[in-house]
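Undergrad:
Residue numbers (this note's numbering): 370 to 549.
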């Protein structure tokens, strides 16, 4: 039994010593408000999106983002809403000039909110860039989304679906990764 445990520990150390596992994620904060003539409404959004991944080789990686979002509304029923999401992906790195890597993530995301009882499913691709700051630390950014997205609010016959390319400034993420 001792030999089996020692072999498993050695195998685990060998996997993590090859800089194949990475952890990181991103944070987001947004607030907006309107004046009295526009409805006197406001919203504050906070998101935390931790991420873990595994580099299969120089070009391919797999990973997942597990996130939490909190929205606080004023003037729109005055509620606070929480949502949880999971987004597994496969990453293909197609160019690596120096310390910069250009990649595309292809995957599926599922988000579910509690009080408002809605779900969202998205399938598509997110292009990105990673800049190696040190041997273990990378700055990572995603720009845009190409794919399909469906929002299913509570109730009958009120789902919305969209398909296309979204490259506006509201669809940019920034984060840091630590490579083991």
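Each residue gets a CB set at the ideal place from its N, CA and C atoms; glycine is no exception. From a predicted model like this one, the values you see are computed outputs, not experimental measurements.
#1: Determine the closest residue to residue 449 out of 496, 415, 420, 531, with distance taken between C-alpha atoms.
#2: Which runs of the beta strand (DSSP E) at least 3 residues long sit entirely within the segment 446-516? Give them in chain order.
#3: Give the straight-line distance between the Cα atoms of residue 484 and residue 438, rounded to the nearest whole angstrom.
#4: Could you check if residue 546 is buried or exposed, using at least 16 other CB atoms within 10 Å of its CB as the buried criterion?
#5: Can you tell me where the beta strand (DSSP E) holding residue 419 begins and where it ends?
#6: Give the DSSP-derived three-state secondary structure of residue 528 in the structure shown.
#7: Hey, out of 538, 493, 503, 527, whose CA is closest to residue 512's CA?
#8: Mind checking residue 499: buried by the 16 CB within 10 Å criterion, or exposed?
#9: Rounded to the nearest angstrom, what separates residue 532 and residue 493 at their Cα positions?
#10: Who are the Cβ neighbours of residue 487 in its own chain at under 7 Å, not counting the five residues just before and after it?
#11: Can you list, in chain order, the residues of its chain whose CB lies under 6 Å from that of residue 397, leaving out five sequence neighbours each side?
#12: For the beta strand (DSSP E) that residue 399 lies in, which residues bound it at each end?
#13: How big is the Cα-Cα spacing for residue 623 and residue 548?
#14: Rounded to the nearest angstrom, what separates residue 429 and residue 469 at their Cα positions?
#15: Is residue 458 buried or exposed, if buried means 16 or more other CB atoms sit within 10 Å of its CB?
#16: What residue range does the beta strand (DSSP E) around residue 548 cover?
TA: On the basis of the coordinates in this document:
#1: 415
#2: 449-464, 469-482, 488-501, 506-512
#3: 13 Å
#4: buried
#5: 411-424
#6: coil
#7: 538
#8: buried
#9: 9 Å
#10: 520, 521, 522, 523
#11: 416
#12: 390-402
#13: Because residue 623 is not part of the residues shown, which for the chain are 370 to 549, the question remains open.
#14: 16 Å
#15: buried
#16: 541-548
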